[in-house]
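J.: Protein chains in written order, with our numbering: chain A, 1 to 418; chain B, 1001 to 1221. Virtual Cβ for every residue (Gly too), placed ideally from N, Cα, C. If you scroll down you'll find the structure; I have some questions about it.
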Amino acid sequence: MILNYLKITLKVLGRNKFFTFVSLFGIVFTLLILIVLSAFLDHLIAPHYPDVNRGRCLYVGMVDMGNPDEGSHKMGPPSYHFLEKYVKPLKTPKLVGVSSMPSFANTYVGNRRLKLNLKFTDPEFWEITAFDFLEGKPYSQQNLDNGDNVAVINARTRDNYFGEGAQVVGKSIEVENVAYRVIGVVKDVPVTRLIVAGDVYLPYTVARSQAKSPSMSGNYFGILLADSPSDFTAIKEEFRHVIAQVPMPMDDEGFTFGELRVEAQSYLEYFLNIGLIDVGSTGTFYTIIGIFMLLFMLLPAINLVNLNMSRIMERSSEIGIRKAFGASIGRLAGQFIIENVFITLLGGVVAVLLSLIFIRIFNESGLIPGADLAVNIQVLLVGLGACLAFGLLSGVIPAIRMSRMNVVDALRGGEVDS
Amino acid sequence: MISLQQVEKVYRTKTVETLALNNINLHVDKGEFLSIMGPSGCGKSTLLNIIGLLDEPSKGEVAIAGKPVHNFRDKELARLRNEKIGFVFQSFHLINDLSVADNVELPLLYRNVSARERRRLAEEALASVGLSNRMRHFPGQLSGGQKQRVAIARAIVGRPSILLADEPTGNLDSVMGNEVMDILLGLNREHATTIVMVTHDEGMAHRTNRLVRLFDGSQVQ
């Protein structure tokens, strides 16, 4: 049955090539954009190199201190001091790591200025993440205890500073007039992975001011690795309990605060709650994305409805014949929907191929340094979902209308040549 | 096998009301070969469409194989058409995009018949109309007579007890017309298929068991 439908779909596609081109172009273009957008979202949200444990991590990235009497607030990332005092001692996480917000520094190679993104971390950071070490190794607690000026650099910095592909472990890199001994080189990370991306990774102990500041707020993230996401509730609960024990009111850099709000959140929750996008929860976020995708598909779908109507009109004789020989309204509608979904899937395959090319060009363009957008299984599933939604959106209305056509009119209206 | 009681069909537009069939009472017995004649526009095809459940009467009752169908829903009508009735049209109405074999298989698509069984039955039906060698051809590659024989194969592939033929020889020359008529007579004789045929051809009509004449929507003979 399906094979019979597909045979006729292919014939119909071949019959009117211009129509087929217009129809497929609309489908391919719409799906291409959706697949590329999904790849972007996947790139931003899903766990990827080197943040492969993102799905098992909670993040402490925002401290909100309030003074209800004065109506004042102080909000920002936590300090190292805060993380060391309240987050690192937590019992429920498997591991707690620390990394700094991006901070930039200059270095010079001859007369050329090199702008570097410095990332200050603790040794646990390297255990939570899964960096590819092209050379050397990460720094250890021993290095920190010794107060070693050591650095792990990324491949781009190595190439820019020492020369392409040079062996650099043991060599020295000077950042803001301090020389660091390079002990490892890692594969580049896209800058969009804010918490883990850096050009030069340094032990937090070498950071000039932040690490020692007694303030609650600073410029660090706490990364809490759980054995599995099912432990999140317990971790959040323990953290809440710890925070509730912080004596109030408290002084912070000369100000007095009576309230302290800080949560351990998933990666997406964290970004959604710092006001980048004003949505309350991850559920709402995905709903909004879903609605956006549907709306985006709606206009081309309506267009395709019209094209489909005229295409099916040409086939009124066939509709009459099928009805005369026992096709019910439901069967016929089903046939046209299957045909439309098939065409959409065909467009989807082309869209996937084009998106692979587009993404490759994008990754190589350097617009996002180190970008590694990919059409992976999740993106393909979103693409497949979009295809089906698009096929149904554009196929159901014509199918229902045409399948209700009166048989006698259908037989009369169609070509009667054969 | 087929029973029509006081069947009336009125076509209405905003300004005109046309009485296409007026008080038709018709009974066709199992195994009978009936022909319907009359001038153009007298309601022959309308009558055939009503018998074939392709159109509804404005008044009156239709029963097929003893079952009154006026309360039947689309799904039940479709099933009845599929199982009990086969159609042969003047203009063949084959689907150009499908091969001869796929065209013949069409009624079986709407039954639970495996692809292999469908193909076997289609081969059998095509053999019975002498077109075994045209299975893979497309309608556009066939002559008028061959197309009509394919249409007959399609009509009989599901072994319906009723065959409705609307001027089956109307588009064919006399030789091909006679060939098609011979096939229909053979089906009626050998399988006791009940056949109702609309025709303009007195000669063809006289080869059937009974003749009904219509004039301006009314039965005159």
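With 8 angstroms as the threshold, decide whether the Cβ of A:A327 is near any Cβ in chain B.
T.: Translated into the one-based positions of the first sequence, residue 327 of chain A becomes position 327. It does: the Cβ of A:A327 has a partner Cβ on chain B nearer than 8 angstroms.
J.: Going residue by residue through the stretch 1104 to 1158 of chain B, where are the continuous alpha helix (DSSP H) segments of at least 4 residues, counting only ones entirely within it?
T.: Those alpha helix (DSSP H) runs which fall completely within the stretch 1104 to 1158 of chain B and span 4+ residues are 1115 to 1128 and 1144 to 1156.
J.: In chain order, which beta strand (DSSP E) runs of at least 3 residues are fully inside the stretch 205 to 277 of chain A?
T.: DSSP runs (the beta strand (DSSP E)) wholly in the stretch 205 to 277 of chain A: 220 to 225, 250 to 252, 255 to 257 and 259 to 262.
J.: Anyone know if the C-beta pair for B:I1162 and B:M1001 falls short of 8 angstroms?
T.: By 1-based counting over the second sequence, the position of residue 1162 of chain B is 162. By 1-based counting over the second sequence, the position of residue 1001 of chain B is 1. Yes, they are a contact pair.
J.: Just tell me which of A:I243, A:M250, A:P123 and A:S266 has its CA closest to the CA of A:D231.
T.: For the purposes of this step, residue 231 of chain A is identified with residue 231 of the first sequence, where counting begins at 1. Comparing Cα positions, the closest option is A:S266.
J.: What residue range does the alpha helix (DSSP H) around A:T121 cover?
T.: Stepping through the first sequence from its first residue, residue 121 of chain A is reached at position 121. Here A:T121 belongs to no alpha helix (DSSP H); instead the beta strand (DSSP E) covers R112 to T121.
J.: Less than 8 angstroms separating the beta-carbons of A:Y180 and A:V109?
T.: As a working mapping, residue 180 of chain A is identified with position 180 in the first sequence. As a working mapping, residue 109 of chain A is identified with position 109 in the first sequence. No, Cβ-Cβ distance for A:Y180 and A:V109 is not below 8 angstroms.
J.: CA-CA distance, A:R502 and A:F292?
T.: Because residue 502 of chain A is not part of the residues shown, which for chain A are 1 to 418, the question remains open.
J.: With 8 angstroms as the threshold, decide whether the Cβ of A:G330 is near any Cβ in chain B.
T.: Reading the first sequence from its first residue, position 330 is the one you call residue 330 of chain A. Yes, A:G330 counts as interfacial toward chain B.
J.: Determine the DSSP secondary structure at A:Q167, reduced to helix, strand or coil.
T.: On the first sequence, residue 167 of chain A is found 167 positions in, with the first residue counted as 1. A:Q167: coil per DSSP, three-state reduction.
J.: Using a beta-carbon distance below 8 angstroms, is B:N1071 in contact with chain A?
T.: Translated into the one-based positions of the second sequence, residue 1071 of chain B becomes position 71. No, its Cβ sits nowhere closer than 8 angstroms to a Cβ of chain A.
J.: Consider the Cβ of A:E314: report whether some Cβ of chain B lies at a distance smaller than 8 angstroms.
T.: As a working mapping, residue 314 of chain A is identified with position 314 in the first sequence. So no, A:E314 is outside the interface.
J.: Looking at B:V1028: is its Cβ nearer than 8 angstroms to the Cβ of B:L1053?
T.: What you label residue 1028 of chain B is simply residue 28 of the second sequence in a count that begins at 1. What you label residue 1053 of chain B is simply residue 53 of the second sequence in a count that begins at 1. Contact: no.
J.: Would you mind giving the Cβ-Cβ distance between B:R1207 and B:L1185, rounded to the nearest angstrom? I have them listed as a contact below 8 angstroms.
T.: On the second sequence, position 207 is the one that residue 1207 of chain B refers to. On the second sequence, position 185 is the one that residue 1185 of chain B refers to. Confirmed, about 6 angstroms.
J.: Which of the three DSSP states is assigned to A:A399 in this structure?
T.: The residue labelled residue 399 of chain A in the question sits at position 399 within the first sequence. In this structure, A:A399 counts as helix in the three-state DSSP scheme.
J.: Can you give me the Cβ contacts of B:F1092 inside the same chain, cut-off strictly under 8 angstroms, excluding the 5 residues immediately before and after it?
T.: Counted from its first residue, the second sequence places residue 1092 of chain B at position 92. If we look at B:F1092 and ignore the five residues flanking it on each side, its Cβ neighbours are P1139, G1144, K1147, Q1148, V1150, A1151 and N1171.
J.: Classify B:V1007 as helix, strand or coil using the three-state DSSP reduction.
T.: Counting from 1 along the second sequence, the entry for residue 1007 of chain B is found at position 7. In the structure shown, B:V1007 sits in a strand (DSSP, three-state: E or B).
J.: Can you look up B:K1030 in the DSSP assignment and give me helix, strand or coil?
T.: Here residue 1030 of chain B refers to the residue found at position 30 when the second sequence is read from its first residue. Note: B:K1030 maps to coil in three-state DSSP.
J.: At what residues does the alpha helix (DSSP H) containing B:K1044 begin and finish?
T.: Counting from 1 along the second sequence, the entry for residue 1044 of chain B is found at position 44. Unbroken alpha helix (DSSP H) run through B:K1044: K1044 to I1051.
J.: Can you tell me where the beta strand (DSSP E) holding B:E1061 begins and where it ends?
T.: Start at 1 with the first residue of the second sequence, and residue 1061 of chain B comes out as number 61. From DSSP, the beta strand (DSSP E) with B:E1061 extends over K1059 to I1064.
J.: Between A:G184 and A:F120, is the Cβ-Cβ spacing less than 8 angstroms?
T.: Start at 1 with the first residue of the first sequence, and residue 184 of chain A comes out as number 184. Start at 1 with the first residue of the first sequence, and residue 120 of chain A comes out as number 120. It is not a contact, given that the beta carbons lie outside the stated cut-off.
J.: Closer than 7 angstroms, Cβ to Cβ, to anything on chain B: give me those residues from the stretch 337 to 353 of chain A, in chain order.
T.: Residues passing the 7 angstroms Cβ filter: none.
J.: What residues of chain A sit near B:R1079, judged by a beta carbon separation below 7 angstroms?
T.: Here residue 1079 of chain B is taken as the residue at index 79 of the second sequence, counted from 1. Result: G326.
J.: Which chain A residues are close to B:K1009, counting only those with a beta carbon under 9 angstroms from its beta carbon?
T.: Here residue 1009 of chain B refers to the residue found at position 9 of the second sequence. Residues of chain A passing the Cβ test: none, with the nearest at roughly 11 angstroms.
J.: Could you tell me whether the stretch 332 to 345 of chain A touches the stretch 397 to 406 of chain A, where touching means 3 or more Cβ pairs closer than 8 angstroms?
T.: Counting Cβ pairs under 8 angstroms, three or more are found: they touch.
J.: Looking only at C-alpha atoms, which of A:K91, A:S215 and A:K17 sits nearest to A:G76?
T.: In the first sequence, counting from the first residue as 1, residue 76 of chain A sits at position 76. Of the listed residues, the one whose Cα sits closest to A:G76 is A:S215.
J.: By Cβ distance below 6 angstroms, which residues in the same chain neighbour B:A1153 in space, the five residues on each side in sequence not counted?
T.: What you label residue 1153 of chain B is simply residue 153 of the second sequence in a count that begins at 1. Here the set comprises V1104, A1125, L1126 and V1129.
J.: Check each candidate in A:L31, A:L356 and A:N219 and name the one with the smallest Cα separation from A:F104.
T.: Along the first sequence, one-based indexing puts residue 104 of chain A at 104. Considering only alpha carbons, the answer is A:N219.
J.: So is B:P1057 in contact with chain A if we call contact Cβ pairs under 8 angstroms?
T.: Position 57 of the second sequence holds residue 1057 of chain B. It does not; no Cβ of chain A falls within 8 angstroms.
J.: So, helix, strand or coil for A:G383, using DSSP?
T.: Your numbering for residue 383 of chain A matches position 383 in the first sequence. The answer is helix: DSSP assigns A:G383 an H, G or I state.
J.: Answer yes or no: do A:G347 and A:V28 have a C-beta to C-beta separation smaller than 8 angstroms?
T.: Here residue 347 of chain A is taken as the residue at index 347 of the first sequence, counted from 1. Here residue 28 of chain A is taken as the residue at index 28 of the first sequence, counted from 1. Closer than 8 angstroms, so yes.
J.: At the level of alpha carbons, what is the spacing between A:V168 and A:V182?
T.: As a first step, residue 168 of chain A is located in the first sequence; it is residue number 168 there, counting from the start. As a first step, residue 182 of chain A is located in the first sequence; it is residue number 182 there, counting from the start. Roughly 7 angstroms between the two C-alpha positions.
J.: If contacts are defined as beta-carbon pairs under 8 angstroms, then B:I1156 and B:G1086 qualify, I think. What distance do you get, rounded to the angstrom?
T.: As a position in the second sequence, residue 1156 of chain B is number 156, starting the count at 1. As a position in the second sequence, residue 1086 of chain B is number 86, starting the count at 1. Right, the Cβ-Cβ distance comes to about 6 angstroms (below 8 angstroms), so this counts as a contact.
J.: Count Cβ pairs between the stretch 231 to 246 of chain A and the stretch 257 to 265 of chain A that sit closer than 8 angstroms; are there 3 or more?
T.: With a cut-off of 8 angstroms, the stretch 257 to 265 of chain A and the stretch 231 to 246 of chain A count as touching, because enough Cβ pairs lie within range.
J.: Considering B:T1194, what are the terminal residues of the beta strand (DSSP E) in which it resides?
T.: By one-based count along the second sequence, residue 1194 of chain B stands at place 194. Run containing B:T1194: T1194 to V1198, per the beta strand (DSSP E) assignment.
J.: Are the Cβ atoms of A:V143 and A:V152 separated by less than 8 angstroms?
T.: Looking up residue 143 of chain A in the first sequence gives position 143. Looking up residue 152 of chain A in the first sequence gives position 152. The question names Val, but residue 143 of chain A is Asn in the sequence shown. No, Cβ-Cβ distance for A:N143 and A:V152 is not below 8 angstroms.
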